[in-house]
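Here is the structure:
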């Protein structure tokens, strides 16, 4: 994952087209025609053995004949020739290449793998970057650069579109031309042997020409890199994705039966991954661009899904309201104050409810006055203004008044001027003013609901989770030993006692269970546990004992256990004479009157790693089918959000006859399962059903756990969890014991207090200028919620007054995606100078940077910050003065031992 040399690909100063021809049907001719027709200002050098001139440009017979080294080489030759061409181009200094045209995906699998390795070896990426193969090329309209095989050009704009599919590009360009949509970039990734979604997201995430990024995705092969890049990009600008879901899942499932390497993916897992990355998923091209344009024009974040509608036609308003409710939105309840304000504006002649239906010939100023009243209502998250064209009122005049007024409103306002030709000028007025506008009210409602969903996804990135209990210390050693023992014996399935032992090691409450080899041992076990008990047959051939009468509940005495065991053996032997009976399981009855039956299961997805399923459990689990899924790792906020996406969550919040369930304990249980999969990758699948929960907490009756040997083929976590292994305890000069550890989202409250104890002068030294003190949640979440793959922040923390944790200092780094360089910054509480804390944090971050293999650790400070310069020299940094920017630059070569 790297942005190295991507500027030569997307901002080249010169281009060579290798394989250019005069054959109108050949990719080499189409690409030359598009390049020359696009008006690219740099030199274009066609390489061809077939013609002396192409598109009016003299050709060169060989890449060695080129008069200058091009930044970019677009290769239109057969793929078998490309490795040699790439090697020669790299040797003369070419930094980027694009392999356009078909052929790669139709190759036999072994040939494709061989060619892939040859291409990468020839390019020595990132020395030379490769776009494709099987790419349609790319378009950068603001540079007049059309290095593609697309049949249509693209207008300049602020939207970047990146597609895995080459065939999807012409469809999007045609749609965009019809709807007057412009682009900053249009990129066809093709087969992604080098350049991936992650690379392009990193590049576009910091591109000044791009305000929003649209992705067409069929499959992700590099989940860890993709999630890191997507989460980073979506913090800076909207990232939206369209992915064919159910149809693609069916196709890939059928292909996998034929041995195709493309395996079936669960569409729901992609849904969760996009949500976790702060992205928005849409289902159609229309929705993709509607959402992108609306997001790009947002003045303030959408607060929720409550919408107020102003309309001059009752039926249009009802249609919009119906579309809103159908999509899960809410019609705002208008307050008495709002109703009174609207009464005054319209002299009582309106609908007295939402939708706010007004007279057909209402003038623009009254629309604007009503809008100002509505946005003050606390129950209104956004306002949709719908206008139906009528004779006797100028739609354009109303649009002009509103457009000028809305510019000064810092809230989300959407407009829909109905009618095609007669309202086109009005919609253009809103577009030029940067106000979202739509042909139909239903289209506007759909865009609004996309905005509400996008905002929820963004909140997952910036939400501070509740603190974990301080006494959660899993017994990882016991769990591992239990699982390793089963693997060493060649078993894939843990026994019930082993499964319960693993759960108990991670703090999950489980009922007391014993294994008995005979009816006599079952009686003894029941007497020890205490009745009532449940008795269950044990046989490797019987996966569901209940189906063969192998389960008896509520046995209230040892005598009843003896009778049930004898009867059970007779019944099971009659129904399954082939089954080997190992004995019985005796379990304390864990039934709780009125408790909810839930389930938690987890398994390793081959793309995104461990996935947790949660929902309605018990015998009706498969009938009710109420479940939601989430990616590992989880914290309290993410666990709570997972629960909220199930229907049974409404019951868990309590009913008139039942108290609320202990949601905190349920969230902790989900986190414990999440941590179990993080710590022990040998677990392939876990299923807890039923899991009882009520107001007293949770109780697991048992679990099924499948395990397997795990070497280098274990599914990697798509999101790096909190690196607990980097925690350490140290002692300051004054004898105070503190902990140095990576920062966590739940450190946000302590971070406010920490920054309040940093003096103004120290803040100026840290941020190179006067810094405001009113940090809000969005600011603080960027400090405390970090991507451990790309960033690191170590805090020094200790127990303060009243037993609350306090932050004493922090050192952080931001690492380039290719791990070549990390930039550091450090700040400690002003009252703790001279305690050795700065040196400890500095030493910690240097060790971390070296261990992760980063080459350079760099930083900047002001000339007058002599303390920082002295500390850097102490640790071996090279110090240089940058007089242009009035800064001192510090640089440490971490590759040296």
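Numbering (the working numbering), first residue to last: 314 to 1210.
Just so you know, even glycine gets a beta-carbon here, dropped at the ideal spot from N, CA and C.
Counting only unbroken stretches of 4 or more residues, the alpha helix (DSSP H) elements lying wholly within the region 798-842 are 809-818 and 832-842, in sequence order. Non-local C-beta neighbours of residue 587 in its own chain, meaning closer than 7 Å and more than five positions away in sequence, comprise 554 and 594, ordered along the chain. When only Cα atoms are considered, residue 694 and residue 788 end up about 47 Å apart.
Judged by beta-carbon spacing, residue 549 lies within the 9 Å limit of residue 519, meaning their Cβ atoms are closer than that value. Rounded to whole angstroms, the separation of the alpha carbons of residue 418 and residue 792 is 44 Å.
Annotation note: the region 843-897 contains the following uninterrupted alpha helix (DSSP H) runs of length 4 or greater, listed N- to C-terminal: 871-888. Note that the C-beta distance between residue 359 and residue 341 is below 9 Å. Per DSSP, residue 471 lies in no alpha helix (DSSP H) segment; the continuous beta strand (DSSP E) that holds it begins and ends at 468-476. The Cβ atoms of residue 960 and residue 998 lie no closer than 9 Å to each other. Residue pairing by DSSP puts residue 451 in a beta bridge opposite 460 and 500. Beta-bridge partners of residue 607 (DSSP): none assigned. Within its own chain, the residues whose Cβ lies closer than 7 Å to the Cβ of residue 863, once the five positions on either side in sequence are excluded, are 849, 850, 855, 881 and 885, listed in chain order.
Counting the other CB atoms within 10 Å of its CB gives residue 337 a total below 16, which places it among the exposed residues. In this structure, residue 590 and residue 547 form a Cβ contact; the two beta carbons are roughly 6 Å apart against a cut-off of 8 Å. The alpha helix (DSSP H) runs lying completely inside the region 582-647 and spanning 4 residues or more are 598-609 and 627-639, given in chain order. Remark: C-beta atoms of residue 557 and residue 531 approach each other more closely than 9 Å. Under the criterion of beta carbons closer than 8 Å, residue 1137 and residue 1123 do not qualify as touching, at roughly 11 Å.
In the three-state scheme derived from DSSP, where H, G and I count as helix and E and B as strand, residue 397 is classed as helix. Three or more Cβ pairs closer than 8 Å define a contact, and the region 1041-1060 falls short of that threshold against the region 998-1007.
Contact between residue 390 and residue 331 holds: their C-beta atoms lie close to 6 Å from each other, under 8 Å.
In its chain, beyond the 5 residues on either side, 949, 952 and 953 have a beta carbon closer than 6 Å to the beta carbon of residue 980. Judged by DSSP in its simplified three-state form, residue 717 adopts helix. If you look at residue 678, you'll find it isn't in any beta strand (DSSP E); it sits in the alpha helix (DSSP H) that goes 677-687. With fewer than 16 other CB atoms across the displayed protein chains lying within 10 angstroms of its CB, residue 440 is exposed.
Distance between residue 964 and residue 1163, taken at the CA atoms: about 51 Å.
For residue 579 against residue 1098, the beta-carbon gap comes to about 27 Å, at or over 8 Å, which does not count as contact.
Taking all protein chains in view, the Cβ of residue 700 is crowded by 16 or more other Cβ atoms within 10 Å, so the residue is classified as buried. In this structure, DSSP gives residue 1202 an extended state, which the three-state scheme calls strand.
Between residue 1143 and residue 1184, the C-beta spacing is not below 9 Å.
Secondary structure in the region 339-367: the beta strand (DSSP E) runs of 3 residues or longer, each lying completely within the stretch, are 357-360 in chain order. Secondary structure of residue 322 (DSSP, three-state): helix. Rounded to the nearest whole angstrom, the C-alpha separation of residue 495 and residue 942 is 36 Å. Going by DSSP, residue 1064 is part of the alpha helix (DSSP H) stretching over 1061-1069. Judged by DSSP secondary structure, residue 1091 falls within the alpha helix (DSSP H) whose first and last residues are 1090-1097.
Nearest in C-alpha terms to residue 916, of all of 932, 945 and 902, is 945. Contact between residue 828 and residue 903 does not hold, since the beta-carbon distance rounds to 17 Å and is not under 8 Å.
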